[in-house]
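Just so you know, our numbering puts 19 at position 17 of the sequence shown, and the rest follows in order with no gaps.
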Amino acid sequence: MSAGINTYKTDLREIFFTLFEQFGFGQVAGQAPYDAWGPDEAKAVLTETYRFAREVLGPLNASGDREGCRVENGAVFTPKGFKDAWQKLYEQGFKTVAVSPDHGGQGAPMMLQVTVEEILSGANTAFNMYPGLAFGAAEVVAECGTPAQQKQFVERMLNGTWGGTMCLTEPHAGSDVGAAKSTARRNADGTYSIRGTKIFISGGDHDMAGNIIHLVLARVDGAPAGTKGLSLFIVPKLRINADGSSGGSNDVTVASIEHKMGINGSATCVLNFGENDACLGELVGTVEHVGMSQMFKMMNGARIAVGIQGVSLASAAYYNAVDYAKDRKQGSHFTKWKDPSAPRAPIIEHPDVRRMLLDIKAHVEGIRSLIIKLAMHLDKAKQLAGKDDDAASYHRGQVEVLTPLVKSYGSDQAFRLCAQAIQVYGGAGYIQDYPVEQYTRDSKIFSIYEGTNHIQAMDLVGRKMGQAGGAHFQQFMGDVGSFVEAHREHPVLGEAVKTLAGAQEGLMSSAMALFGWSQDQGRFPLIPLSANRFLNMMSEVAVGWLLLDAAVIAEKASASVSADHPDKAFYEGKKFSALWYARNVLPNVEYAARLIAAEDTSPMDITDAAFASV
């Protein structure tokens with residue numbers, strides 16, 4: 003298969019179901035501030051996005067991976083076709099669907115934007131990282147910057163005139179952001195002289211935009227140590243002239259780019275700021291030492307975006323694997339395995355292949371539901387702010403507790419599911435003739451960047467579960483419980499719903515164990531030892547709940563559809579996704595709860611020397 007042939011596939015019917023039938027896009031759209039939007043407009047946008055993904059981005063995915071980026075004379079050049087795709091992306095407005103009209107956007111609900119992002123990312127993850135980072139950086143300036151900064155930077159970063167990055171990590175300080183050594187020296191004119199080195203900067207330089215606006219964490223002279231002493235600065239690659247145009251160099255240089263396992267079309271840069279003491283930045287807003295809280299506005303959005311990246315590649319791998327399994331003939335049907343003259347059967351007829359495909363299908367559908375549900379909470383919080391503050395607070399709280407689940411579960415499962423898609427192909431999946439090997443390589447980074455998944459787990463158990471006196475977590479559990487009580491006697495799904503109830507009980511018992519350990523200094527290490535397991539448990543409860551919710555809706559809708567209508571099979575698929583997950587994944591939650599209760603401390607008890615004798 004040629005590297006330039008498009009291999010991206012998705013199912014718009016599945017996306018439409020989740021958006022419109024499960025989460026009621028039409029109940030959010032059509033009301034302020036989303037007055038101009040409705041299901042018809044959303045369907046038109048998604049259909050056009052899929053066309054663009056298939057025709058423009060998809061054909062560049064494999065070729066961009068093979069070619070990668072290169073540095074010439076200190077400048078990064080992206081793979082062939084990327085610059086033209088950047089231009090077309092912004093001309094057609096895909097990146098500003100949910101942007102406020104105040105900044106040149108279309109003002110759609112975030113529920114629509116996340117589905118647009120899934121399609122764009124699934125077609126070409128590496129490419130979509132560049133505009134994604136510019137979008138996140140622009141949001142920070144829009145929310146935290148001065149009016150002058152908003153006017154100067156935001157719309158240009160949102161319309162593709164300028165790119166953007168987030169610059170946290172330093173050579174000696176990865177996840178330990180507070181150890182950053184980059185400095186900012188106050189100047190008489192209100193600017194700051196920036197000096198330092200940042201590594202692993204995605205999109206740190208490229209040839210697609212006229213300028214790149216870096217958001218840089220640095221410590222002002224005399225600031226306290228740790229994260230509390232960090233400030234956030236707007237540092238353009240090129241100086242900005244008085245008329246808003248880009249000028250000469252701002253002493254930001256590319257030291258190198260990384261050679262990676264995947265996302266090779268995305269330039270991951272080492273950037274030096276102020277090697278010649280000529281790098282100028284301006285404080286985001288007017289207050290020093292609040293850089294981490296400002297940056298977290300971008301980080302939270304970026305973590306949701308990583309979950310979207312995860313489901314986008316797992317979904318693309320799934321639909322490619324289904325197509326391959328329908329076409330590839332190998333062996334006879336299992337009912338005729340002793341008959342050497344039996345015709346060769348498509349491998350989708352083999353039980354273990356069907357098991358693998360249904361496992362991928364269920365996870366993809368459940369994670370997509372989780373992401374769109376989070377986006378729905380964002381939209382409703384925005385709608386209700388100032389009108390019903392209690393309801394708005396509930397929705398904001400659910401965004402808080404669901405974000406680490408979306409990031410971690412979406413990313414962990416993406417790598418596993420893409421690898422499982424390779425297994426469906428067999429040896430063919432391991433070679434570059436098919437896209438699943440690239441999807442697998444590209445997806446590995448998702449569990450690492452934007453805060454490793456252990457950081458997400460500690461964020462959940464150390465911060466999110468205790469927010470508002472534990473109310474946000476309790477409301478999540480209450481929502482699951484209400485669903486269980488409403489559907490435990492469902493004629494088709496009742497037993498699966500009861501399995502969900504058992505998983506919910508296991509999750510609650512583990513939550514109580516975590517709380518008990520937090521009050522006991524001697525058992526405190528059990529919290530980081532168990533945090534990842536707990537996050538996975540909570541993710542499985544959430545995904546199992548949403549799959550069953552979708553199946554309840556599908557069962558009801560199926561009753562009014564004729565036997566020969568295509569939706570009959572579609573709705574049946576929703577039922578079996580939920581049943582598979584409830585029968586094969588949710589029981590793991592109760593088992594994991596028993597493991598947490600056992601309080602195993604072997605990783606802490608083993609000595610360093612006992613890990614290896616070499």
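Idealized CB from N, CA, C, for every residue including glycine. Keep in mind the model is a prediction, meaning the values are calculated, not measured.
Discussion item. Can you tell me whether Trp547 is helix, strand or coil according to DSSP?
Written reply: Secondary structure of Trp547 (DSSP, three-state): helix.
Discussion item. Let me make sure I understand the geometry here. Which of Ser248, Leu170, Asp522 has the alpha-carbon closest to that of Trp164?
Written reply: Ranked by how close their Cα comes to the Cα of Trp164, the residues Ser248, Leu170, Asp522 have Ser248 in first place.
Worksheet item: Looking at C-beta atoms only, is the number of pairs between the segment 151 to 167 and the segment 203 to 216 that lie closer than 8 angstroms three or more?
Response: Touching, per the Cβ criterion.
Item to complete: Could you say if the segment 146 to 158 and the segment 33 to 53 meet the contact criterion of at least three C-beta pairs nearer than 8 angstroms?
Response: Fewer than three pairs of CB atoms, one per stretch, sit closer than 8 angstroms, so the segment 146 to 158 makes no contact with the segment 33 to 53.
Worksheet entry | Member of Lys200, Met159, Ala304, Leu588 whose CA lies at the smallest distance from the CA of Glu119 | Of the listed residues, the one whose Cα sits closest to Glu119 is Ala304.
Discussion item. Does Tyr593 pass the burial test, meaning 16 or more other C-beta atoms within 10 Å, or should it be called exposed?
Written reply: When all chains shown are included, Tyr593 counts as exposed.
Discussion item. Assuming Ala626 and Arg490 are in contact, meaning their beta carbons sit under 8 angstroms apart, how far apart are those beta carbons, in whole angstroms?
Written reply: Summary: the structure shown does not reach residue 626, with the chain confined to residues 3 through 616, and so no result is reported for it.
Worksheet item: Which of helix, strand or coil does DSSP assign to Ala5?
Response: Here Ala5 scores only 46 on pLDDT, less than 50, and its place in the model should not be relied on; the value that follows carries that caveat. Looking at Ala5 - three-state DSSP - the assignment turns out to be coil, as it is neither helix nor strand.
Discussion item. Please tell me whether Gly60 has its Cβ less than 7 angstroms away from any Cβ of chain B.
Written reply: Included in the structure is just one protein chain, with no chain B present.
Worksheet item: Got a sec? Which residues, its chain only, sit under 6 angstroms from Gly6 by beta carbon, not counting five neighbours each side?
Response: With a pLDDT of 46 at Gly6, under the threshold of 50, the modelled position of this residue cannot be trusted; read the value that follows with caution. Counting only Cβ-Cβ distances below 6 angstroms, and skipping sequence neighbours, we find Pro61, Ser65.
Discussion item. Here's a check: name, in chain order, each residue in its chain whose Cβ is nearer than 8 angstroms to the Cβ of Asn455, leaving out the five neighbours to either side.
Written reply: Result list for Asn455: Lys409, Ser410, Ser413, Asp414, Ser449, Asn534, Leu537, in chain order.
Worksheet item: Could you give the distance in angstroms between the alpha-carbon of Ile17 and the alpha-carbon of Ala55?
Response: Taking the straight line joining both Cα atoms gives about 15 angstroms.
Practice prompt. Scan the segment 354 to 412 and note each continuous alpha helix (DSSP H) run of 4 residues or more that stays entirely inside, going in chain order.
Written response: List check, alpha helix (DSSP H) in window: nothing returned.
Fill in: Cβ pair Ile374, Met112 closer than 7 angstroms
For Ile374 and Met112, no; Cβs fall outside 7 angstroms.
Worksheet item: Do you know offhand how far Asn322's Cα is from Ile306's?
Response: Between Asn322 and Ile306, the C-alpha separation is close to 25 angstroms.
Worksheet item: Just reading off the alpha helix (DSSP H) that Lys331 is part of, what are its end residues?
Response: In this chain, Lys331 is not harboured by any alpha helix (DSSP H); it is covered by the beta strand (DSSP E) spanning 331 to 334.
Practice prompt. Tell me whether Ile259 sits in a helix, a strand or coil according to DSSP, three-state version.
Written response: The answer is strand: DSSP assigns Ile259 an E or B state.
Fill in: Minimum C-alpha distance to Gln458 - residue among Pro406, Thr501, Arg585, Phe298
Distance from the Cα of Gln458 is smallest, within the candidate group Pro406, Thr501, Arg585, Phe298, for Pro406.
Discussion item. Contact defined as beta carbons within less than 8 angstroms: I believe Leu495 pairs with Ala553. What is the distance between those atoms, to the nearest angstrom?
Written reply: Yes, they are in contact, since the Cβ atoms of Leu495 and Ala553 sit about 6 angstroms apart, within 8 angstroms.
Discussion item. Whole angstroms are fine: how far does the CA of Val366 sit from the CA of Asp571?
Written reply: Just to set this straight, residue 571 is Ala in the shown sequence, not Asp. The straight-line gap from Cα to Cα measures roughly 18 angstroms.
Worksheet entry | Rounded distance between the beta-carbons of Leu273 and Val254, thought under 8 angstroms | That belief holds up - the Cβ atoms of Val254 and Leu273 are roughly 6 angstroms apart, short of 8 angstroms.
Fill in: Buried versus exposed call for Arg15 [16 or more other C-beta atoms within 10 Å across all chains shown]
Burial call: exposed.
Worksheet item: Is the CB-CB distance between Lys382 and Phe417 below 7 angstroms?
Response: Not a contact, by the Cβ cut-off of 7 angstroms.
Fill in: Residues of its chain near Ser579, where Cβ-Cβ distance is below 6 angstroms and the 5 sequence neighbours each way are ignored
Lys363, Ala364, Glu367, Leu549, listed in sequence order.
Practice prompt. Could you give the DSSP three-state label for Asn278: helix, strand or coil?
Written response: Shown here, Asn278 sits in coil according to DSSP, grouped into three states, outside any helix or strand.
Worksheet item: Distance, Cα to Cα, Val256 vs Leu372?
Response: Approximately 38 angstroms, taken between the alpha carbons.
Fill in: Tyr573: first and last residue of the uninterrupted alpha helix (DSSP H) it sits in
Residues 568 to 586.
Discussion item. Taking a contact to mean a Cβ-Cβ separation below 7 angstroms, would you say Met358 touches Gln422 in this structure?
Written reply: With contacts defined by Cβ atoms closer than 7 angstroms, Met358 and Gln422 form a contacting pair.
Fill in: Own chain residues within Cβ distance below 8 angstroms of Ala623, not counting five before or after
Residue coverage of the chain in this structure runs from 3 to 616, which leaves residue 623 outside it and unanswerable.
Fill in: Close beta carbons around Tyr451, own chain, < 8 angstroms, minus the five adjacent residues each side
Within the same chain, and ignoring the five residues on either side of Tyr451 in sequence, the residues whose Cβ sits closer than 8 angstroms to its Cβ are Phe202, Ser204, Val308.
Discussion item. With a threshold of 6 angstroms on Cβ separation, who are the neighbours of Met3 within its own chain once the five nearest residues in sequence on each side are excluded?
Written reply: Confidence in Met3 is poor, its pLDDT being 44 and thus under 50, which makes the residue's placement unreliable; the coordinate value appears in the next sentence. The residues are Asp435.
Worksheet item: Run through DSSP, which three-state label would Cys146 get?
Response: Three-state result, Cys146: helix.
Fill in: With 16 other Cβ atoms within 10 Å as the buried cut-off, status of His397
Burial call: buried.
Fill in: Per-residue burial, Ala126 [other beta carbons within 10 Å of its own, 16 or more giving buried]
Looking at the sequence itself, residue 126 is Asn, so the reference to Ala does not match. Per the 10 Å Cβ criterion, buried.
Worksheet item: For Gly134 versus Leu219, is the C-beta spacing smaller than 7 angstroms?
Response: With respect to the 7 angstroms criterion, Gly134 and Leu219 are not classified as neighbours on the basis of their beta carbons.
Worksheet item: Thinking C-alpha only, which one of Gly428, Ile259, Gln506, Asp341 is nearest Asn75?
Response: The alpha carbon of Asn75 has as its nearest neighbour, out of Gly428, Ile259, Gln506, Asp341, the alpha carbon of Ile259.
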